[in-house]
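In my numbering, the protein residues as written are 139 to 475.
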Amino acid sequence: METKRLIKRKATVRKLALKGVNPDLFDEFKSLRSSVKHNIQKDYDTHLRHMENYLVSDPRRFWSYFKNKNINSPDSLFYNNVRYNNDGDIANAFADYFSSIFKPSTNFDGNDDCKSDCVGDLVKIENVTYEDVVLAVSELKSSLTVGVDNIPSFIIKGCSEFLIYPLLVLFNLSLRTKVFPEAWKQTKIIPVFKKSDAQNCKNYRPIAILSPFSNIFESIIHKKLYNQIKNLISTSQHGFISKRSTTTNLFCLTDKIISSFESGSQLDVIYTDFSKVFDSINFGILLKKLQGFGFHVNLIDWLLTYVNDHSMFVLIMLFPMNLQVLPVSHRALILDL
């Protein structure tokens with residue numbers, strides 16, 4: 139009930155803040171937004187604990203529920219003017235469609251002349267500490283969902299005292315050899331129906347499920363990189379930045395519009411959108427830009443192995459007997475939605 143109350147209050151304050159009723163309302167909105175996120179996460183964690191206890195106390199009802207859902211396996215599927223009726227063909231059709239969404243960038247050779255253009259080694263990650271792993275594991279969201287390794291995150295959290303040191307060794311070995319583990323590049327893709335015709339392949343979106351070990355490693359790398367480059371990020375960047383969002387972007391735009399109205403000056407706004415932007419990143423350009431920011435050559439080499447040669451398989455049912463493994467030679471991991 140407390141979470142619902144906070145959500146309603148947040149919506150009310152947001153409307154008033156956008157109307158410019160009181161400048162202090164923006165600060166109240168930010169505080170309420172943080173409280174709502176905290177309460178939602180707390181409620182979700184409580185729900186997971188109840189589900190875990192429910193699984194132990196009555197596993198038959200638990201699995202019966204999932205068997206009856208059958209949420210992501212249509213009886214037949216229409217794709218490229220062909221209708222597929224068995225699980226194997228349906229899985230292949232989904233994999234072909236999801237792979238077609240991705241636009242492979244031009245090949246990037248880590249040995250090309252861009253290395254000589256590196257401006258320095260300002261940004262580097264020499265090692266991962268024990269404390270880094272402890273923090274990342276503690277922040278891992280408890281979930282029953284499993285990736286390719288079939289290990290749910292709540293197991294890792296529950297056995298963390300036995301796993302932290304082995305993970306520490308693996309993470310540092312990866313950085314030292316400049317190789318991201320191949321096993322952690324495998325992604326489970328679950329087709330989730332959006333709307334309209336359930337037998338049309340294009341009406342499904344891919345949900346990528348990674349190994350929780352990969353998530354832990356990525357979380358550590360992200361923190362270490364962000365702490366080093368956060369001052370290089372434009373203040374106008376609101377997406378994917380802590381404590382910024384589309385809402386803060388809207389507030390900034392509204393403030394500029396109001397100021398322009400008050401001063402009688404002209405203000406032009408251009409809206410753009412990139413189609414499937416995360417599936418068409420040119421990694422060659424990206425890595426060269428990172429070198430220009432001063433990323434150490436060893437870090438660039440490691441990132442090169444991270445973005446290359448991912449594979450996926452499509453899970454069209456909830457049980458291994460209906461699993462179809464379909465490798466993708468290029469960076470299909472960027473279907474991570």
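Virtual Cβ for every residue (Gly too), placed ideally from N, Cα, C.
DSSP places methionine 189 within a helical segment (H, G or I) once states are collapsed to three. Beta-bridge analysis with DSSP links tyrosine 182 to no other residue. Straight across, the Cα-Cα distance linking serine 291 with valine 284 is about 7 Å. Leucine 405 is bridged by DSSP to nothing; it lacks a bridge partner. Beta-carbon to beta-carbon, isoleucine 395 and leucine 405 are separated by about 6 Å, close enough to satisfy the 8 Å threshold. Taking each of Asn224, Leu170 and Asn177 in turn and checking the Cα distance to isoleucine 454, the smallest one comes out for Asn224.
In the structure shown, phenylalanine 412 adopts coil according to DSSP, grouped into three states. Contact annotation, tryptophan 440 with leucine 313: C-beta distance approximately 6 Å; criterion of less than 8 Å satisfied. Residue pairing by DSSP places glutamine 324 opposite Ser449 in a beta bridge.
Around the beta-carbon of valine 266, 16 or more other beta-carbon atoms lie within 10 Å, marking it buried. Exclusion of the five residues before and after valine 330 leaves Asn210, Tyr342, Arg343 and Ile345 as the residues of its chain whose Cβ lies within less than 7 Å of its Cβ. In this structure, phenylalanine 216 places its C-beta atom within 7 Å of the C-beta atom of asparagine 338. When rounded, the separation of the alpha-carbon atoms in isoleucine 419 and serine 195 is 47 Å.
Taking C-beta atoms as the reference points, lysine 362 and isoleucine 263 count as a pair closer than 7 Å.
Annotated three-state conformation of proline 344 is strand, per DSSP. Between isoleucine 347 and isoleucine 328 a beta carbon distance of about 7 Å is seen, short of the 8 Å cut, so the two are scored as contacting. Here asparagine 369 is exposed, its C-beta having fewer than 16 other C-beta atoms within 10 Å. Counting only the Cα atoms, asparagine 219 lies some 17 Å from aspartate 213.
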